[in-house]
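Here is the structure we will look at.
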Amino acid sequence: MRRDALPCRYSLGHLIMINAVVCGLELAASVAYTYLPPLLLKAGFCSASTGFILGIGPLIAMITVPFLGRLADKSRCSLGRRRPLIFVFACVLSTSLIIIIVGQRLIKSAGEEGSYSAVGAGLIMLGGILLDYSSQSAFNPCEALLSDLLEGGPRVTLDTGFAVYSGLLSLGGCLGYMVTAVRWPRPLSGSLLGGQEGAACGVALTIFIATVFATGVAAKEEPRGGAVSLSPIRPPKKEGNYFNFSFPRNQCCRAGLAILRTLVFPVGKLLYVILGKLVLFPRDIYREVKSSPLVLQRLFAADVVSWSAITCYNLFYTNYVGQVVYGGNPTSGVGTLHEALYNEGVRMGSWGLLLHSITACGYASLLQDQMIRNYGLRWTYLCGLLTFSACMVGILFSNDINLLNLFAAFSGVFFFDIREQRGSGADFAVLDIAYYLGQILLSLVMSNVGQILGKPECYMVFAAIAGLTSCYFANEVIYSSSQLITLKGYS
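If you want it as C-alpha cells, here you go:
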C-alpha cells in the first residue's frame, strides 16, 4: 500500500515516540552546555585550551554532517536510511558520557590524594569533544527521519509532527538543565559516579538510552531500493558427506570484500573528506555564502553573530556564577572550600539556564505569533535581541543570584527555535553553516581573549557585545519582497 494512502497513519502518541530521541539529544546537549567548561577548567585546562576544545566539536560537525547526510540518502540498509546514522550518533554520545564519568572519577580520586591525573584530563577532553559533536550532529538525521516518515501525508499531520518535534526539543532542554540543577544524593554523586557532574551525566545517559530505544521501535523505515546485507554470499550446499566444510576461495574473497566495502571504505572515505575539508573549508564556506541570494547572505551574517552570543551565554554562564558570584575557583583542588563554592555556583547557575529554557518555550508557544502579527517580524526579532543584550548587561552589574537568574529567565525571550521544514535544502545548508560557524567564531575569539584577560566577566561582555552587533545585522535582513524590490531599484 502506498504511503500517501494512509493519511492518518501516525497518532499523537506515535509521533511522540518517533521524536523521543530529540528530547534525549537536547537533554544531553544541555548537560554539555552546563558542565563542559567547568569540567575542563577543573581538569587543569587553561581558558585558551578550554575555548579551543569547545570549538573542535562544531568544526567536525560542520565538515561531516553534509557528507553523512548524503551517505544516508544513498543508503539501502535494512534498518532504513536514517536510523543507522541515529544509532551511530547515539553510540558516540553514550560513549562520551561514559568517558566523562570515568575521567571525572579519576580526577576526583587523584585530587583526594593530592596528585594530578593526566589520563582523567585527557578523558574529559575526549568525552567533551565527542559529546559536543554528537549532540549537535544527530539532529540532522532526526529531522530527515521525520520528514521521510511524514512525506506524502496531509499538511495537518506534517505540522503536528514538527510541532511535537519542537515541543520535545524544548522539553529536553528543560529536563537537561533540571538534571544539572538538582543536588543529587550521596550514593549517586559520591565515588560511584565522580561527583555532581558524573551523577548528572549518568542520569542523562539513562534517559537518553530510553529515548533512543523508543524512537528505534516506533520509527519503522522502509528500505529504499532493497536492503543490502553485510554478507550476501550464501554458504555452499552440502553435497555427500554431512561434515563437508569446504568453502571456495573465491567466495571467501567476495565475502571479505563485501564486509570491507560496507564497513571500512566509508570510514576511510569519511577521514579523507575530513582532511580535505579542513584544508579547503574556508574557501568552500566563502563560495557557498557568496553564491547564495542576497536575502540569505544577510540572514547568514545575523545568524553567525547571534549564535555566537547565545552559545557564549549558554556555555559560560554557570562558570561565571561559580567564579564571580560565589567566589569559587575551579582549580583550587578537590575538597577545598573554593571548589565547594564553585560547584554550588555552577548548580545555582543551572537554575538560571532552566528558567531561560522555560521562558523560551513559553514565549515561542504563547507570545511569538501574537507579537509578529502585531509588530511585524523585524521588530519582534530586534526586540528579542535587544532584550537578550540588556539581560547580559544586567547580569554583569548584579551579584545577587536571584536577580541574576531573573535576568537569565528574561534572556529566553530571544532564544526561540521552532524548527520547520520550509525552504530549499541549499537554504538550510547555509544556515547550518551559520550555526556551526557562530560557535567556531566564539571559540577562536574567546579562547585568546579569556586567556589574556583572565576574567570570567569577559564572556558575558562578549555575549552582550555580540547580541548588540546582531541587532545591526538583524536590521539589515530582508523581511519582505517589497524591501527586495526597493533594493533592486537602487542597485
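If you read the sequence shown in the working numbering, its first letter stands for residue 985, the second for the next number, and so on. Beta carbons are placed, not taken as given, at the ideal position from N, Cα and C, and that holds for glycine.
Between the alpha carbons of Gly1039 and Thr1141, how many angstroms are there, rounded?
Their backbone Cα atoms lie some 38 angstroms apart in a straight line.
Would you decide whether Ile1436 is buried or exposed? Buried here means 16 or more other CB atoms lie within 10 Å of its CB.
Looking at its Cβ environment, which holds fewer than 16 other Cβ atoms inside 10 Å, Ile1436 is exposed.
Between Gly1306, Ile1085, Ala1194, Asp1268, which lies nearest to Pro1022 when the distance is taken from Cα to Cα?
For the residues Gly1306, Ile1085, Ala1194, Asp1268, the minimum Cα distance to Pro1022 belongs to Gly1306.
Just the Cα atoms here: how many angstroms apart are Val1196 and Leu1189?
Between Val1196 and Leu1189, the C-alpha separation is close to 11 angstroms.
Exposed or buried, which one is Pro1138 when buried takes at least 16 other CB atoms within 10 Å?
Pro1138 is exposed by the Cβ-count criterion.
If you count every other CB in all the chains shown that lies within 10 Å of the CB of Pro1476, and 16 or more means buried, which is it?
The question about residue 1476 has no answer, for the chain in this structure spans 985 to 1475.
Can you determine whether any heavy atom of the ligand GDP sits closer than 7 angstroms to the C-beta of Val1166, and answer yes or no?
In terms of ligand content, the structure shown is empty, and the ligand GDP therefore cannot be addressed.
Our contact map puts Ile1070 next to Gly1111 with C-beta atoms below 8 angstroms; I'd like the distance itself, whole angstroms only.
Actually they are not in contact, since the Cβ atoms of Ile1070 and Gly1111 sit about 20 angstroms apart, beyond 8 angstroms.
Could you tell me the alpha carbon to alpha carbon distance between Gly1106 and Glu1441, rounded to whole angstroms?
Spanning the two alpha carbons is a distance of roughly 27 angstroms.
Using the three-state DSSP reduction, which class does Asp1384 fall into: helix, strand or coil?
The answer is coil: DSSP assigns Asp1384 none of H, G, I, E or B.
Counting pairs of beta carbons, one from the stretch 1422-1433 and one from the stretch 1279-1294, are three or more of them closer than 8 angstroms?
With a cut-off of 8 angstroms, the stretch 1279-1294 and the stretch 1422-1433 count as touching, because enough Cβ pairs lie within range.
For Asn1383, which residues from the same chain have a beta carbon less than 6 angstroms from its beta carbon, with the 5 sequence-adjacent residues on both sides left out?
Same-chain partners within the cutoff: Val1309.
Alpha carbon to alpha carbon, how far is Lys1439 from Phe1381?
Answer to the nearest angstrom: the Cα atoms are 15 angstroms apart.
According to the neighbour-count rule (16 or more other Cβ atoms, all chains shown, within 10 Å of its Cβ), is Tyr1359 buried or exposed?
Exposed, since its Cβ has fewer than 16 Cβ neighbours within 10 Å.
With distance defined between alpha-carbon atoms, name the residue in Glu1135, Leu1421, Tyr1456, Leu1011 nearest to Ala1194.
Taking only the C-alpha atoms, the option nearest Ala1194 is Leu1011.
Please name the residue in Met1109, Asn1124, Val1103, Ser1093 whose C-alpha comes closest to that of Val1005.
It is Asn1124 whose Cα lies nearest to the Cα of Val1005.
Quick check: the Cα distance between Gly1104 and Asn1298, rounded to an integer number of angstroms?
Computed Cα separation, rounded: 25 angstroms.
Using only alpha-carbon positions, find the residue among Cys1007, Thr1018, Ile1000 that is nearest to Tyr1301.
When each option's Cα is compared against that of Tyr1301, the closest is Thr1018.
Report the rounded CA-to-CA distance for Leu1387 versus Pro1277, giving the unit in angstroms.
Their Cα atoms are separated by approximately 43 angstroms.
Can you give me the C-alpha to C-alpha distance between Leu1043 and Ala1344, rounded to a whole angstrom?
The alpha-carbon atoms of Leu1043 and Ala1344 are separated by roughly 27 angstroms.
Return helix, strand or coil for Lys1476, following the three-state DSSP convention.
Residue numbering for the chain in the displayed model covers 985 to 1475; residue 1476 lies beyond these limits and cannot be assessed.
Scan the stretch 987-1065 and note each continuous alpha helix (DSSP H) run of 4 residues or more that stays entirely inside, going in chain order.
Fully enclosed alpha helix (DSSP H) runs of 4 or longer: 996-1002, 1004-1026, 1031-1057.
Whose CA, out of Gly1434, Asp1132, Asn1459, Gln1352, lies closest to the CA of Phe1036?
Among Gly1434, Asp1132, Asn1459, Gln1352, the Cα nearest to that of Phe1036 is on Gly1434.
Thinking C-beta only, is Phe1073 closer than 8 angstroms to Ala1122?
A contact, by the Cβ cut-off of 8 angstroms.
Near Tyr1326, what residues of its chain come up, given a Cβ to Cβ distance below 7 angstroms and the 5 sequence neighbours on each side ignored?
Here the set comprises Gly1306, Gln1307, Tyr1310, Gly1312, Asn1313, Pro1314.
If you count every other CB in all the chains shown that lies within 10 Å of the CB of Cys1075, and 16 or more means buried, which is it?
Cys1075 comes out exposed.
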